[in-house]
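Accompanying notes for the structure given below.
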Amino acid sequence: MLLNWHIGLACFCLSFVSICLNLLIFIPVFRFAFFGKRSSIYLIAFFNIISDLQQLFVACFHSSLSIIFGRYVLSGARINSFSVFLGWIHINGWFMESLVQPVMALNRFVVITLNRNYIFTFRRTLFLFFVIIALTSFSAACTQYFFPCCVIIVDIDIMSYMFLSIDGVYSYSNAILLVYNIFCTLLSTFCYVSVLISIRRANKNVVNNIHSNTKKQEARYLFQFVVISIFYVATWISFETLPYIVPPDQPIWFSSVPFLLTLNCSSNSVIFLMYNLEVQKSLKSCCCAKKGPNAGVIIHVASKIT
């Protein structure tokens, strides 16, 4: 029981910090996506943040707290209408996260490999995400409400997420989840491999410094998205494989899934904070703006003294 408490506390702290990091970059990414640059890159990142926050809300305030206190804090029971709804929030966020991966990869493929910047316009990308939101919401509803089996829930005994299986009934929910995961991973891998090949070729035939700088910036975006995809793949593979390899008397290994999920939801914000110069400048300008009035008062007082 003490071990469960420590695992739950670690999950809570990690997911809470991840929520804070996502909220930290939310405003600059939102501004670049909708008001400033109106860039498809930031529009994709914005919806990635939305999907991350959905999953982190369930991970932090439902899963982690339930593990800490040894009871289902928000839902009150392992399975009821509210726990099913919380599962809908979680799986909807995951489905959206899944589709964000190939959208990111296709964006890099179209811009870098095909050199067609005009395809991912602001309006087209926004429309694409409206379609994605409708599709993921419907898929999550099928998983939690329409399919005969199986709903996804939080289980404090294994300290992780699980499909509530029914004997003799095929898990259509896990099937649709696998379709999402495999399709999105394969499409993303194809696009990223194609982009890496095109970058290698471009580096051998650099025409001028401007072209070189543009390629470097695009490659930097590529690196950010590839790292995000790696965490995504590690999370879904562990969720699917652990039930087959973990001994029944060692459920602690299932707790690695919430940790990987939280790291996956943190990767977008951490990478933007570490490597995205535009987001860094935006955050620095906000900090300087807050410090500005105080600095002005100090200068004014100093001039009076002298």
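All letters in the sequence shown, in the order written, are residues -18 to 287 by my numbering.
Note that CB positions come from ideal geometry on N, CA and C, so glycine has one too.
Each of Val135, Ser263, Gln231 was checked against the Cα of glutamine 36, and the nearest Cα belongs to Val135. If you check the CB distance, tyrosine 213 and glutamate 78 come in under 8 Å. Pairwise C-beta distances place the segment 54 to 70 out of contact with the segment 104 to 113, as fewer than three of them are shorter than 8 Å.
Your pair isoleucine 0 and phenylalanine 253 does not check out as a contact, with CB atoms roughly 15 Å apart and the cut at 8 Å. Closest in alpha carbon position to tyrosine 23, among Leu242, Ile(-12), Ser45, Leu258, is Leu258. Rounded to the nearest whole angstrom, the CA to CA distance from serine 62 to phenylalanine 11 is 33 Å. Between serine 32 and phenylalanine 103, the CB-CB gap reaches or exceeds 8 Å. As for any beta strand (DSSP E) of minimum length 3 sitting wholly inside the segment 106 to 182, the runs are 133 to 136, 141 to 144, ordered along the chain.
Between valine 176 and the set Ile163, Val54, Val92, the nearest pair of CA atoms involves Val92. Selection Arg89, Phe171, Trp75 evaluated against alanine 40 yields Trp75 as nearest (Cα-Cα).
The beta carbons of isoleucine 157 and serine 118 sit no closer together than 8 Å. Alanine -9 carries a helical assignment under DSSP once its states are collapsed to helix, strand and coil.
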